[in-house]
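Novice: These protein sequences, in sequence, are chains Z and A. For what it's worth, the working numbering labels the leading residue of the first sequence as 4, then goes sequentially. For what it's worth, the working numbering labels the leading residue of the second sequence as 94, then goes sequentially. Glycine included, C-beta positions come from ideal geometry on N, C-alpha and C. Source: prediction; values computed, not measured.
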Amino acid sequence: MFAYVIKRFFSAIPTLFILITIAFFLIRMAPGGPFDADQALPPEMEANLRAAYHLDEPLYQQYYRYLSGLVVGDFGPSFQYRDFGVTELIMTGFPVSLRLGISAILIALIFGVAAGSFAALRQNSRYDHFIMTLSMTGISIPNFVVAPLLVLFFAVMLGWLPAGGLGDGGFQNFILPTVSLALPQIAYIARLTRGSMIEVLRSQFIRTARAQGLALRSIILHHALKPALMPVVTYLGPATAGIITGSVVIEQIFSIPGLGRFFVQGALNRDYTLVMGVVVFYGILIILFNLIVDVIYAYLDPKLRK
Amino acid sequence: MITKQSRSIWTEAWGAIKKNARATIAFYVLCFMVVFVVIGPVFSSFAYDFTDWSYLAMPPNFENGHILGTDSLGRDVYVRTLYGGRISLMVGIVSTFVSLFIGVSYGVFSGYMGGKIDGFMMRFIDVMYALPFMFFVILLMVFFGRNIFLIFIAIGAVNWLDMARIVRGQTLALKQKEFVEAAEALGVGALAIMRRHIVPNLLGVVVIYITLTIPQVILVESFLSFLGLGVQEPLTSWGMLVKEGAEDMQSTPWLLIVPAIFLATTLFCFNFLGDGLRDALDPRDRQ
Chain Z
4 MFAYVIKRFF SAIPTLFILI TIAFFLIRMA PGGPFDADQA LPPEMEANLR AAYHLDEPLY
64 QQYYRYLSGL VVGDFGPSFQ YRDFGVTELI MTGFPVSLRL GISAILIALI FGVAAGSFAA
124 LRQNSRYDHF IMTLSMTGIS IPNFVVAPLL VLFFAVMLGW LPAGGLGDGG FQNFILPTVS
184 LALPQIAYIA RLTRGSMIEV LRSQFIRTAR AQGLALRSII LHHALKPALM PVVTYLGPAT
244 AGIITGSVVI EQIFSIPGLG RFFVQGALNR DYTLVMGVVV FYGILIILFN LIVDVIYAYL
304 DPKLRK
Chain A
94 MITKQSRSIW TEAWGAIKKN ARATIAFYVL CFMVVFVVIG PVFSSFAYDF TDWSYLAMPP
154 NFENGHILGT DSLGRDVYVR TLYGGRISLM VGIVSTFVSL FIGVSYGVFS GYMGGKIDGF
214 MMRFIDVMYA LPFMFFVILL MVFFGRNIFL IFIAIGAVNW LDMARIVRGQ TLALKQKEFV
274 EAAEALGVGA LAIMRRHIVP NLLGVVVIYI TLTIPQVILV ESFLSFLGLG VQEPLTSWGM
334 LVKEGAEDMQ STPWLLIVPA IFLATTLFCF NFLGDGLRDA LDPRDRQ
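#1: Measuring straight from C-alpha to C-alpha, what distance separates Z/G104 and A/I110?
#2: Tell me where the alpha helix (DSSP H) around A/E274 begins and ends.
#3: Per DSSP, Z/G88 forms a beta bridge with which residues?
#4: At a cut of 8 Å, does the segment 245-263 of chain A reach the segment 50-57 of chain Z through at least three beta carbon pairs?
#5: Beta-carbon separation of Z/P260 and Z/G96 under 8 Å?
#6: What does the Cβ neighbour count give for Z/M160, buried or exposed, with the cut at 16 atoms within 10 Å?
#7: Hey, Z/L184 and Z/I246 are a contact pair by Cβ (cut 8 Å); roughly how many whole angstroms apart?
#8: Rounded to a whole number of angstroms, what is the C-alpha to C-alpha distance between Z/V296 and Z/Q64?
#9: Work out the CA separation of Z/Y300 and Z/F12 for me, nearest whole Å.
#10: Within the 8 Å Cβ cut-off, does Z/I246 reach chain A?
#11: Our contact map puts Z/G115 next to Z/I189 with C-beta atoms below 8 Å; I'd like the distance itself, whole angstroms only.
#12: Along the chain, where does the alpha helix (DSSP H) that runs through Z/H132 open and close?
#13: How would you list, in chain order, the residues of chain A whose beta-carbon sits under 7 Å from the beta-carbon of Z/P151?
#14: Can you check whether the CB of A/I311 is closer than 8 Å to the CB of A/G212?
#15: With 8 Å as the limit, tell me which residues of the segment 286-306 of chain Z have their beta carbon closer than that to any beta carbon of chain A; keep them in chain order.
#16: Chain Z partners of A/I231, CB-CB under 7 Å?
#17: If we cut at 8 Å on Cβ distances, does Z/R129 have a partner in chain A?
#18: What span of residues does the alpha helix (DSSP H) with Z/E202 cover, start to end?
#19: What separation, rounded to the nearest whole angstrom, lies between the Cα atoms of A/D378 and A/D372?
#20: Using a Cβ-Cβ cutoff of 8 Å, what residues of the segment 113-136 of chain A are near chain Z? List them in chain order.
#21: Please classify A/T117: does DSSP put it in a helix, a strand, or coil?
#22: So, is Z/F20 buried or exposed, given that buried needs 16 or more other C-beta atoms within 10 angstroms?
#23: Give the DSSP bridge partners of A/T163, in chain order.
#24: In terms of residue numbering, what span does the alpha helix (DSSP H) encompassing Z/G249 cover?
#25: Considering only residues of the same chain and omitting the five flanking positions on each side of Z/I222, which have a CB-CB separation below 8 Å?
#26: Mapping the DSSP letters down to three states, classify Z/H57 as helix, strand or coil.
#27: Is there a Cβ of chain Z sitting closer than 8 Å to that of A/N364, yes or no?
#28: Does any C-beta atom of chain A lie closer than 8 Å to the C-beta of Z/V203?
#29: Out of A/R173, A/C124, A/M287 and A/V122, which one is the CA nearest neighbour of A/P134?
#30: Considering only residues of the same chain and omitting the five flanking positions on each side of Z/A166, which have a CB-CB separation below 7 Å?
#31: What number of angstroms, rounded off, separates the C-alpha of Z/I113 from the C-alpha of A/T104?
#32: Could you give the C-beta distance for Z/Y238 and Z/L195, rounded to a whole number, given that I count them as a contact under 8 Å?
#33: In angstroms, rounded to a whole number, what distance separates the CA positions of A/L366 and A/V127?
#34: Keeping to the same chain, check which residues put their C-beta closer than 8 Å to that of A/S203; ignore five residues upstream and five downstream.
#35: Helix, strand or coil, according to DSSP, for Z/I259 in the structure here?
#36: According to DSSP, simplified to helix, strand and coil, what is A/M126?
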């Protein structure tokens with residue numbers, strides 16, 4: 004098991020390296036310098052600025068500087084927020100996004116697995132069709148459409164929940180954003196669970212358990228659930244990526260000061276170092292999470308631990 | 094002599110759709126949607142960028158001709174939604190073909206070559222899967238401006254990974270067939286075999302994944318438009334209309350609801366159609 008984790012860990016390094024390299028050179032390819040303003044700066048001043056940000060060095064030196072900064076967690080200075088480092092900015096936004104993202108994943112898992120198992124146990128019944136149609140709707144309708152509609156209904160028309168912002172950071176401020184973020188994932192996980200649960204329920208060992216007269220409840224909880232959840236575990240990697248991407252628009256809609264909002268603001272302000280930093284940070288998160296998922300998977304399925 | 098007509102992929106696909114009631118309805122709705130966005134604007138007397146100063150932000154009203162209302166600039170919502178639909182559907186189709194082209198070329202080459210090349214190319218795909226592509230597309234949009242051709246290509250370049258994997262799997266199977274062996278024995282070159290013997294036989298899988306890729310692509314485009322990085326004014330797309338509608342939904346909710354319904358219906362139908370086709374045709378599911 005330990006050897007597997009080590010092996011898997013080292014195979015993530017090239018991916019990380021490619022990610023950073025693409026991000027770095029994509030930014031350097033961008034037309035226009037970071038200090039282009041309406042009024043051109045005096046040449047000496049621009050030269051000083053470029054020197055201060057090490058932009059006068061050859062590209063490979065800048066690349067090396069960026070890489071060695073990253074190793075110690077330094078994403079470099081921000082071009083727009085001149086007094087802040089990108090690392091500082093990321094660390095202000097990240098806790099908020101993390102809270103939002105983790106609650107969304109937990110909600111998606113609980114409701115997705117419950118709905119999917121329920122549908123699988125009543126395959127082809129009215130309930131099954133209802134849940135599956137609902138989940139297809141959830142997959143089809145993007146969350147930036149669902150979120151404003153939810154706000155329109157629960158905040159504007161009924162006035163039950165706040166329409167946006169964090170307020171004092173209370174629970175009710177997180178309900179609508181979390182639900183909008185989780186909905187597509189609930190839908191997808193429900194479909195996955197239903198499919199694999201149906202397959203597991205048809206297998207020999209479940210038939211044996213039934214023949215032995217075990218109660219249906221205990222068959223499902225003790226025998227069927229674990230193998231049926233394997234595809235869901237695999238899906239957790241893409242689900243995280245989906246939640247991260249989704250949080251970019253959700254934070255925008257609900258004016259939540261998280262990382263996604265920094266990213267969009269940075270992109271629109273052409274704050275290249277901030278944008279690059281957030282992309283690399285997101286990439287590291289996704290790669291790290293995929294790693295964790297693979298380890299969990301190997302733990303659950305000993306066949307993989309070769 | 095064998096007279097049995099081989100059933101083409103299209104007859105087979107149509108047969109599969111007809112057996113599935115939901116897929117049939119989805120198919121007809123989509124046909125209707127395409128025809129509607131193409132000819133629908135003819136039935137309105139307003140241009141998509143025309144400002145009607147006498148009716149700013151009017152709710153739906155039949156008497157003044159703005160049957161789905163106007164936005165805050167007095168532009169007709171009905172016409173703008175249909176024009177947005179043209180852009181969204183066009184992005185969906187063009188970008189899907191871009192991803193189809195990349196995915197099929199990559200997959201066929203990898204599968205046909207086999208061995209080390211195949212191993213390397215598939216490892217590369219694994220690496221690509223782990224990258225946050227959406228963010229690269231956003232970066233591209235920010236740097237190089239919101240050019241519609243760039244949108245086609247950037248979105249297409251993001252969605253080819255699944256296609257490449259599936260096509261490679263199919264190619265591995267096709268490579269074992271006698272007709273490929275015969276062509277090899279006759280001295281046909283590798284590229285010619287791929288083009289003439291492998292690619293035409295991939296049509297079935299490709300059709301399924303086209304219907305599943307189009308909604309993904311439309312979704313990506315509307316996501317970009319929603320962030321203000323999609324097509325540029327006065328052109329519009331469903332994502333952009335939803336964004337504009339969401340900004341003022343308290344005072345003018347129809348600006349959000351109308352394009353949201355169009356976008357959701359289209360994505361919904363594509364997903365149902367793709368699902369139905371996959372259930373019926375996907376060779377991987379056949380026993």
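Specialist: In short:
#1: Cα atoms of Z/G104 and A/I110: separation of roughly 38 Å, rounded to the nearest angstrom.
#2: Start and end: E271 to A278.
#3: Within the DSSP secondary-structure output, Z/G88 pairs in a beta bridge with Z/P80.
#4: As far as the Cβ criterion goes, the segment 245-263 of chain A does not touch the segment 50-57 of chain Z, which means the pair count is below three.
#5: Z/G96 is positioned such that its CB atom lies closer than 8 Å to that of Z/P260.
#6: Result: exposed.
#7: For Z/L184 against Z/I246, the beta-carbon gap comes to about 6 Å, under 8 Å, which counts as contact.
#8: In this model, Z/V296 and Z/Q64 are separated by some 36 Å (Cα to Cα).
#9: Counting only the Cα atoms, Z/Y300 lies some 14 Å from Z/F12.
#10: It does not; no Cβ of chain A falls within 8 Å.
#11: That belief holds up - the Cβ atoms of Z/G115 and Z/I189 are roughly 5 Å apart, short of 8 Å.
#12: Where Z/H132 is concerned, the enclosing alpha helix (DSSP H) stretches over R129 to S143.
#13: Near Z/P151 (Cβ distances below 7 Å), the residues of chain A are A339, M342 and L349.
#14: Going by beta carbons, A/G212 and A/I311 fall outside the 8 Å limit.
#15: Taking 8 Å as the Cβ-Cβ cut-off against chain A, the residues of the segment 286-306 of chain Z that qualify are G286, I289, I290 and N293.
#16: Here the neighbours are A270.
#17: The beta-carbon of Z/R129 is placed no less than 8 Å from the nearest beta-carbon of chain A.
#18: Start and end: F174 to L204.
#19: Note on A/D378: pLDDT 45, under 50, position unreliable in the model; no value is reported.
#20: Close to chain Z, meaning a Cβ-Cβ distance shorter than 8 Å, is no residue of the segment 113-136 of chain A at all.
#21: In the three-state scheme derived from DSSP, where H, G and I count as helix and E and B as strand, A/T117 is classed as helix.
#22: Exposed is the call here.
#23: The partner list for A/T163 (beta bridge, DSSP) reads A/D169.
#24: Unbroken alpha helix (DSSP H) run through Z/G249: L228 to I256.
#25: I209, A212 and R213.
#26: The answer is coil: DSSP assigns Z/H57 none of H, G, I, E or B.
#27: By the rule that beta-carbons nearer than 8 Å mark a contact, A/N364 touches chain Z.
#28: No - not a single Cβ of chain A is within 8 Å of the one on Z/V203.
#29: A/R173 is the residue among A/R173, A/C124, A/M287 and A/V122 whose C-alpha sits nearest the C-alpha of A/P134.
#30: Shown here for Z/A166: same chain residues with a beta carbon closer than 7 Å to its own, the five before and five after excluded, namely V154, A158 and V159 in chain order.
#31: Those two C-alpha atoms are separated by around 42 Å.
#32: By a beta-carbon distance limit of 8 Å, Z/Y238 contacts Z/L195. Their separation comes to about 6 Å.
#33: Put simply, the backbone Cα of A/L366 is about 15 Å away from that of A/V127.
#34: The beta carbon of A/S203 lies closer than 8 Å to those of I210, D211, M214, M215, A257, R261 and T264 in the same chain, with the five residues before and after it left out.
#35: Residue state, collapsed to three classes: coil.
#36: Note: A/M126 maps to helix in three-state DSSP.
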